[in-house]
Structure formats: C-alpha cells, structure tokens
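Student:
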Amino acid sequence: MGEAITHVTIVGGGTAGWLTALLLGTYWKAQAGDRDNRRITLIESPNVSTVGVGEATVPAMPRLLQQAGISERAFFKHCNASFKLGVLFDNWNRDRKGERVAYINSFNEGPLIGGVDSAHHFLQHGAGGVDFSDVITPALALGRAAKGPRALNAKPYDQGVGFAYHLDAGLFAGMLRDICVARGVEHVRDDVVDIEKDERGYITALVLKEQARQPVELVIDCTGFRGVLINGALGEPFVDYSKYLANDRAAAVQIPHLDPERIEPLTRSTALGAGWSWRVPLYNRVGTGYVFSSAHRSDDEACEELLAHLRATGGDATKDAVPRIIPMRVGRTRNPWVKNCVAIGLSGGFVEPLESTAIYMIEMSLRSLLSYFPDRDFAAPLRDRYNKIATQLYDEVRDFICLHYALGNRSDSQYWIDAREALAVPDSLAANLELWKHALPTRYDLTSAQLFSYRVYHAVLLGKKVYETGYAAPPTCGVALKREPWRQYVKQVRKGIDQTVKAMPDHKKLLTSLRGEG
Ligand code: FAD
Numbered sequence: 012m013g014e015a016i017t018h019v020t021i022v023g024g025g026t027a028g029w030l031t032a033l034l035l036g037t038y039w040k041a042q043a044g045d046r047d048n049r050r051i052t053l054i055e056s057p058n059v060s061t062v063g064v065g066e067a068t069v070p071a072m073p074r075l076l077q078q079a080g081i082s083e084r085a086f087f088k089h090c091n092a093s094f095k096l097g098v099l100f101d102n103w104n105r106d107r108k109g110e111r112v113a114y115i116n117s118f119n120e121g122p123l124i125g126g127v128d129s130a131h132h133f134l135q136h137g138a139g140g141v142d143f144s145d146v147i148t149p150a151l152a153l154g155r156a157a158k159g160p161r162a163l164n165a166k167p168y169d170q171g172v173g174f175a176y177h178l179d180a181g182l183f184a185g186m187l188r189d190i191c192v193a194r195g196v197e198h199v200r201d202d203v204v205d206i207e208k209d210e211r212g213y214i215t216a217l218v219l220k221e222q223a224r225q226p227v228e229l230v231i232d233c234t235g236f237r238g239v240l241i242n243g244a245l246g247e248p249f250v251d252y253s254k255y256l257a258n259d260r261a262a263a264v265q266i267p268h269l270d271p272e273r274i275e276p277l278t279r280s281t282a283l284g285a286g287w288s289w290r291v292p293l294y295n296r297v298g299t300g301y302v303f304s305s306a307h308r309s310d311d312e313a314c315e316e317l318l319a320h321l322r323a324t325g326g327d328a329t330k331d332a333v334p335r336i337i338p339m340r341v342g343r344t345r346n347p348w349v350k351n352c353v354a355i356g357l358s359g360g361f362v363e364p365l366e367s368t369a370i371y372m373i374e375m376s377l378r379s380l381l382s383y384f385p386d387r388d389f390a391a392p393l394r395d396r397y398n399k400i401a402t403q404l405y406d407e408v409r410d411f412i413c414l415h416y417a418l419g420n421r422s423d424s425q426y427w428i429d430a431r432e433a434l435a436v437p438d439s440l441a442a443n444l445e446l447w448k449h450a451l452p453t454r455y456d457l458t459s460a461q462l463f464s465y466r467v468y469h470a471v472l473l474g475k476k477v478y479e480t481g482y483a484a485p486p487t488c489g490v491a492l493k494r495e496p497w498r499q500y501v502k503q504v505r506k507g508i509d510q511t512v513k514a515m516p517d518h519k520k521l522l523t524s525l526r527g528e529g
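The opening position of the sequence shown corresponds to residue 12 in this note's numbering, with each subsequent residue numbered one higher.
(1) Let me make sure I understand the geometry here. Which of Tyr252, Val349, Arg421 has the alpha-carbon closest to that of arginine 340?
(2) Considering just the uninterrupted stretch of the alpha helix (DSSP H) at glycine 489, what are its terminal residues?
(3) Check whether the Cβ atoms of threonine 344 and glycine 356 lie closer than 8 Å to each other.
(4) Where does phenylalanine 389 sit, in a helix, a strand or coil, going by DSSP?
(5) Counting pairs of beta carbons, one from the stretch 53-63 and one from the stretch 144-154, are three or more of them closer than 8 Å?
(6) Taking 8 Å as the cut-off, decide whether the C-beta atoms of glutamate 66 and valine 291 are in contact.
(7) Contact between the stretch 16-34 and the stretch 179-188: three or more CB pairs below 8 Å?
(8) I need the straight-line Cα distance from valine 490 to glutamine 135, nearest angstrom please.
(9) Answer yes or no: do arginine 49 and tryptophan 39 have a C-beta to C-beta separation smaller than 8 Å?
(10) Of the residues Arg466, Leu434, Tyr426, Tyr482, which one's Cα is nearest the Cα of histidine 449?
(11) If you measure between the beta carbons of leucine 277 and leucine 99, is that distance less than 8 Å?
(12) Please go through the same chain and pick out, in chain order, the residues whose beta-carbon is closer than 7 Å to the beta-carbon of glutamine 78, but skip the five residues on each side of it.
(13) Name the DSSP bridge partner or partners of glycine 286?
(14) With DSSP run on the structure shown, which of helix, strand or coil describes aspartate 406?
(15) Any heavy atom of the ligand FAD inside 7 Å of the beta-carbon of tyrosine 371?
(16) Who are the Cβ neighbours of proline 496 in its own chain at under 7 Å, not counting the five residues just before and after it?
(17) Since proline 516 is in the alpha helix (DSSP H), which residue starts that stretch and which ends it?
(18) With DSSP as the reference, please indicate the residues paired to lysine 158 in a beta bridge.
(19) At the level of alpha carbons, what is the spacing between leucine 256 and tryptophan 287?
(20) Roughly how many angstroms separate the alpha carbons of asparagine 6 and phenylalanine 174, rounded to a whole number?
(21) Would you say the beta carbon of threonine 402 comes nearer than 7 Å to a heavy atom of the ligand FAD?
(22) Using only CA atoms, which one of Leu33, Trp29, Ile16, Phe87 lies nearest to glycine 527?
(23) So phenylalanine 249 is in the beta strand (DSSP E); what residue range does that whole segment cover?
(24) Rounded to whole angstroms, what is the Cα-Cα separation between glutamate 197 and alanine 514?
(25) Thinking just about the alpha-carbon of each residue, which of Asp179, Ala391, Val302, Glu315 is nearest to the one in asparagine 346?
(26) Using alpha carbons as the reference points, say which of Asp406, Ala442, Asp202 lies closest to serine 60.
(27) For methionine 72, which residues from the same chain have a beta carbon less than 6 Å from its beta carbon, with the 5 sequence-adjacent residues on both sides left out?
(28) If you check the beta carbons only, do isoleucine 206 and valine 353 fall under 8 Å apart?
(29) Going by the C-beta, is aspartate 202 closer than 7 Å to any heavy atom of the ligand FAD?
(30) Out of Cys413, Ala285, Val349, which has the shortest C-alpha to C-alpha gap to histidine 320?
(31) Can at least three beta-carbon pairs, one atom from the stretch 402-414 and one from the stretch 437-448, be found at a separation below 8 Å?
(32) Just checking valine 192 against the ligand FAD - is the residue's beta carbon closer than 7 Å to any of the ligand's heavy atoms?
(33) Quick check: the Cα distance between aspartate 429 and histidine 415, rounded to an integer number of angstroms?
(34) DSSP puts cysteine 352 in a beta bridge; with which residues?
(35) Where phenylalanine 133 and arginine 431 are concerned, what is the direct C-alpha to C-alpha distance, given to the nearest angstrom?
(36) Using a Cβ-Cβ cut-off of 8 Å (strictly less than) and excluding sequence neighbours within five positions of glycine 80, which residues of its own chain qualify?
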C-alpha cells in the first residue's frame, strides 16, 4: 500500500467546488473525528465568475444537508429556498385533439397492485379521466393549490410527501463556503495559470497568478465549463453530445413573483419554439430562462421569445428583465479522472438541465470517489472503475433527456421537427424505444440505471400520452388485469390526495415559518 493522501486541493469555488469540500470534510470527520489531520485547500479565481444558475435539486439534497450537519432553518433562510414537488412539463407534446399536454414528473412512484405495476393497470382501465400522475402522487394537486409538502410543526428534514428544494445558487455556494471555511478548509483566492508535472505526467503543483505555487497530492478540477486542468492542462478530450442534443445556449434572468403570497412548489419546464423555458420559484424571486438551440435562434431572438413568454405568463413583472446568455458545453470529459486529477461538476460534463440532476451528480461523483479513494500510488483499477461509473452516469442522463425529444410530437416549428427527426438517438435508447412499442419499460431494460428507474420512464411515456397519440398500441403485460382492485386503489388514492391537499399548509406560510419569521 502506498502512502495515504493527506491533502486534497480543489480548484473552483462554484457549487461543485464547495460541495466537494463540504462532503469530503464531512466524510473525513465521520471517519476520524477531530483527530483528523488531513487538509483541504480550495483555490477560486477572483476574476472568473461562477455559472450562477442551477437552482432546482432532487430529493437527495435534504439528506445531504442533514448528513453535513447543516440546520434546515439556516438553509431555508440563507438560500431563500423553497420546496419542489416535481417538474411540471408543459407543451412538450400535443394530445389527440392537438391541445397542449401538461404532466408532472414527481418524486413518487406508483405501487404494484396484484404484483403488477400501476402503469399497466392505468393503460388497461384508465382512471376515470384523470392523468396517470394524479393517481400516483399528490404533487400536482398540491402544486395547483400552492401548498407545501409537510405540516407546519413537522421536524426538520421530515420527508413529508417527498420533495426536493429550490435554492439561490449564489447564496448556496456562499453558505457552503462559510461553513467549509469555519470547518477548516483553506480558501485561496487566485487564478491557476499553469501546472507543474512529474515525469509520469502527474500534477505536482499549481502555479498561481499572484501567490506562491501550491504543491498538490490529489487535485479536484471544479473549474466549470472551462475544464482548466482536466481538458486544458492534461488535454483529456471532451465527448460532445451535440449530435444527440441540439440545445447549446441558455438565456437566464431573475424576476419578481407576480403574487409573492403564492409560491408554486414546482419547477416548470415549458416548451417554446426552439427549446424550453425553466421556472424556479424561490422564496423571494423567480429564477427563469430559456435553454435553446443556436442553430434555430440567435441570442437576440431567444431573448425576445423568452421575454414574450414571460410577459404572457407573468404580466408586468418582466418589464425591466435583461436576460444573460450562457453558452453551454454539452457532453462529458472522456475520462473525468486522469492521473491525480478528478473533474467534478461542469468540468466533468453537463447534459442540459431538464431534470435538475447536475448538482446531484456532483454528490454522486464525490461519493463514488470516496468509495475508490486512492493513496499516493493511484492504483489504476480505482481510477478505471470510477471513470466507468461516471461515464455511465452521464450517458444515462443523456439517454433520459433524449427520450423527451425523441417522443415529442410537435410539428409547429423546425426545431421540434429536427429534435425528433434530425438528431441522432443514442443506440442504447434507440433499442429501448423500439422495445417500448411492445412492452412498458422494465428494470431489465435499464440495467446500469443509477438515477432514473423504469418507473420514472413510465411517468414520462404516460405523461406524454404517447400510447394515445400514435407511438404504438398500448402494451399489455400479457393478461387482462382485473378491474376491481385498480378501481378500489384509484378511489382510495384520489380521496387520500384530496385529504392531503386540505391538510397541508400554504407553501408561503410554511416557508415563512421554517425561516423562523412567522
Ligand atoms: P461554476 O459555477 O462555473 O464554477 C467554476 C469555478 O471555477 C468558479 O469559482 C471560477 O472562479 C473557478 N475557476 C475557473 N477558472 C479558474 C482558474 N483558472 N483558477 C481558479 N479558479 C477558476 N444543475 C442542477 O442541479 N439543477 C438545475 O436546475 C440546473 N440548472 C442549470 C441551468 C443552466 C442554464 C445551466 C448552464 C446549468 C444548470 N445546472 C443545474 C448545472 C449547475 O449550474 C452546475 O452543475 C453547478 O452550478 C456547478 O457548477 P460548477 O461549480 O461546476 O461550475
């Protein structure tokens, strides 16, 4: 066994950098307590700003904050956080009458009834005219009523009906920074301008613009889309996903709430003419923007289209809004771990933010690194396994996002026609799409799934109403299912959802109380 690594250097002070520092410090402390003598240094450029977006999360976030010993109240107050019960997809598909379809991808999954997935029962018997999601989750009903997911007097981090958070990206990184620095992380504000390497090509030191060189043992590249170390200094190639995904730019803007007393506990994704617009309602404002394809819209056209959409949905609140353009590098670094450098966050890869998974992928990358943590010999099998898991994860997210476009049925703009007909479909997804014309997704179709279970795929396929609008005849599970157990289930679940909506507090009131202000 080689010598233990006692010093980790992180380059980059965005969400990826500070989350990595937080998780690493938390893990080391859990292992060795206060006797731990390992050090973390984070170097952050004072000249390059963070990407400044990334405000919707997945349900792993509450667990992460709790494990890291962060008070939920402090988090809500500091980050102007709100609850998120799912993503509401609007206008991505049209129904049989040509009307826009809206469906929710929530954090709840339907049960097995008689050992058979709810989706099969729904396809055979329907649910009295309501959508599939309305018989598996209260999320949309709570969202429509602007209610929160748990009681006013619930304990901190109580899971309620299942939720994630919305948070202010800048404030969140600032909160993580303050916590990490208070816990002993050394914070250096300077630019990394060069590296020194040994004869094997391993990074031995980082050369800074203003301050003394920083010797390193293991270095984590969290420098965002630039990939300063992994792609720049070490020359690891970037695997571009543009043949599968057209969107390569975003226009982002923050706007006030139209009605500050009514905070919708949902992320919205509304399809526009050449991409889609996100809407993330925080406690004090709304983060919104347009993820679009530069082949179909210029920046000016995209901004105008976004503002027109906001005016149509948000009234006068948008009159002073000036969107900021963010070029997006979509794809992944071929191997995110090279020699003694691991790329985490946008430097490792990015697939468009449709399912808000990027922050969660930062956590997963770090957890995976901790499982295969090296010593100073940097054994190749550790690196190989880490790279295999990380690249599978990016490809899994790519396939899931591509699914949304491949099964789109809009033909009202060239973008939506191209999204369905001109873009390549990854082989792994193409084979499943053929299969799912004959059978609903099963766990056997997604054997390396780390993030999206086959039931999440059910929610998308049924949410988009693909079996009603020409994709294929509804697949059966091989038998005619009894109607009565399903009818009873639907009756009970609908009653349960009504009761939940009545019982839950107003979202704004819940947030105010969580902040200790009401
Ligand atoms: P950045 O925030 O870009 O930080 C890079 C850091 O590196 C900065 O501190 C910079 O100063 C530093 N740096 C750069 N060069 C140097 C240098 N030479 N020396 C020293 N320091 C350097 N994720 C989600 O989970 N949910 C979402 O809803 C979501 N929405 C998104 C919407 C859009 C339009 C985009 C583009 C992304 C979205 N993401 C989302 C992704 C999310 O924003 C990022 O994963 C997250 O912010 C992490 O970014 P980062 O820390 O890797 O990079």
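By construction, the Cβ of each residue, glycine as well, lies at the ideal position given by its N, Cα and C atoms.
Tutor: From the atom records:
(1) Counting from one through the sequence shown, the residue named residue 340 turns up at place 329. It is Tyr252 whose Cα lies nearest to the Cα of arginine 340.
(2) Taking the first residue of the sequence shown as position 1, residue 489 is located at position 478. Where glycine 489 is concerned, there is no enclosing alpha helix (DSSP H), given that its DSSP letter is neither H nor E.
(3) Position 333 of the sequence shown, counting from 1, holds the residue named residue 344. Position 345 of the sequence shown, counting from 1, holds the residue named residue 356. Their beta carbons are not under 8 Å apart, which means threonine 344 does not touch glycine 356 by this criterion.
(4) In the sequence shown, the residue the question calls residue 389 occupies position 378. Here phenylalanine 389 sits in coil by DSSP.
(5) no
(6) Against the sequence shown, residue 66 aligns to sequence position 55. Against the sequence shown, residue 291 aligns to sequence position 280. Contact: yes.
(7) yes
(8) Residue mapping note: residue 490 aligns to position 479 of the sequence shown, counting from 1. Residue mapping note: residue 135 aligns to position 124 of the sequence shown, counting from 1. Straight-line Cα distance between these residues: approximately 10 Å.
(9) Position 38 of the sequence shown, counting from 1, holds the residue named residue 49. Position 28 of the sequence shown, counting from 1, holds the residue named residue 39. Contact: yes.
(10) Your numbering for residue 449 matches position 438 in the sequence shown. The option with the nearest alpha carbon to histidine 449 is Tyr482.
(11) On the sequence shown, position 266 is the one that residue 277 refers to. On the sequence shown, position 88 is the one that residue 99 refers to. Yes.
(12) Reading the sequence shown from its first residue, position 67 is the one you call residue 78. Thr37.
(13) Numbered from its first residue, the sequence shown carries residue 286 at position 275. Answer is Leu283, Phe303, bridged to glycine 286.
(14) Sequence index remark: in the sequence shown, residue 406 carries index 395 (1-based). Reduced to three states, the DSSP call for aspartate 406 is helix.
(15) Residue numbering aside, residue 371 sits at position 360 when the sequence shown is read from its first letter. Yes, the ligand FAD has a heavy atom inside 7 Å of this Cβ.
(16) Mapped onto the sequence shown, residue 496 falls at position 485. Counting only Cβ-Cβ distances below 7 Å, and skipping sequence neighbours, we find Ile124, Gly125.
(17) Residue numbering aside, residue 516 sits at position 505 when the sequence shown is read from its first letter. Run containing proline 516: none; DSSP gives neither H nor E here.
(18) Indexing the sequence shown from 1 puts residue 158 at position 147. Note: lysine 158 sits in a beta bridge opposite Asp517.
(19) As a working note, residue 256 is residue 245 in the sequence shown. As a working note, residue 287 is residue 276 in the sequence shown. C-alpha separation (whole angstroms): 13 Å.
(20) The structure shown does not extend to residue 6, since the chain is modelled only from 12 to 529, so the question has no answer here.
(21) As a first step, residue 402 is located in the sequence shown; it is residue number 391 there, counting from the start. No, the Cβ of threonine 402 stays beyond 7 Å of every heavy atom of the ligand FAD.
(22) One-based indexing of the sequence shown puts residue 527 at position 516. Closest by alpha carbon: Phe87.
(23) Numbered from its first residue, the sequence shown carries residue 249 at position 238. Unbroken beta strand (DSSP E) run through phenylalanine 249: 249-251.
(24) One-based indexing of the sequence shown puts residue 197 at position 186. One-based indexing of the sequence shown puts residue 514 at position 503. Answer to the nearest angstrom: the Cα atoms are 47 Å apart.
(25) Along the sequence shown, read from residue 1 onward, the residue named residue 346 stands at position 335. The shortest Cα separation from asparagine 346 among Asp179, Ala391, Val302, Glu315 belongs to Ala391.
(26) In the sequence shown, counting from the first residue as 1, residue 60 sits at position 49. Of the candidates Asp406, Ala442, Asp202, the one whose C-alpha sits nearest the C-alpha of serine 60 is Asp202.
(27) Here residue 72 refers to the residue found at position 61 of the sequence shown. Answer for methionine 72: Ala175, Tyr176, listed in chain order.
(28) To locate residue 206, count along the sequence shown from 1; it is residue 195. To locate residue 353, count along the sequence shown from 1; it is residue 342. No, these two residues do not count as a Cβ contact at 8 Å.
(29) Translated into positions along the sequence shown, residue 202 becomes position 191. At least one heavy atom of the ligand FAD is nearer than 7 Å to the Cβ of aspartate 202, so yes.
(30) Sequence index remark: in the sequence shown, residue 320 carries index 309 (1-based). Out of Cys413, Ala285, Val349, Ala285 has the C-alpha closest to the C-alpha of histidine 320.
(31) yes
(32) Residue mapping note: residue 192 aligns to position 181 of the sequence shown, counting from 1. Valine 192: no, Cβ never under 7 Å from the ligand FAD.
(33) Taking the sequence shown and counting its residues from 1, the one referred to as residue 429 is at position 418. Taking the sequence shown and counting its residues from 1, the one referred to as residue 415 is at position 404. Taking the straight line from one Cα to the other gives about 13 Å.
(34) Stepping through the sequence shown from its first residue, residue 352 is reached at position 341. BP columns for cysteine 352 point to Val230, Val349.
(35) For the purposes of this step, residue 133 is identified with residue 122 of the sequence shown, where counting begins at 1. For the purposes of this step, residue 431 is identified with residue 420 of the sequence shown, where counting begins at 1. One C-alpha to the other measures close to 27 Å.
(36) Here residue 80 refers to the residue found at position 69 when the sequence shown is read from its first residue. Excluding sequence neighbours, glycine 80 sits near Thr37.
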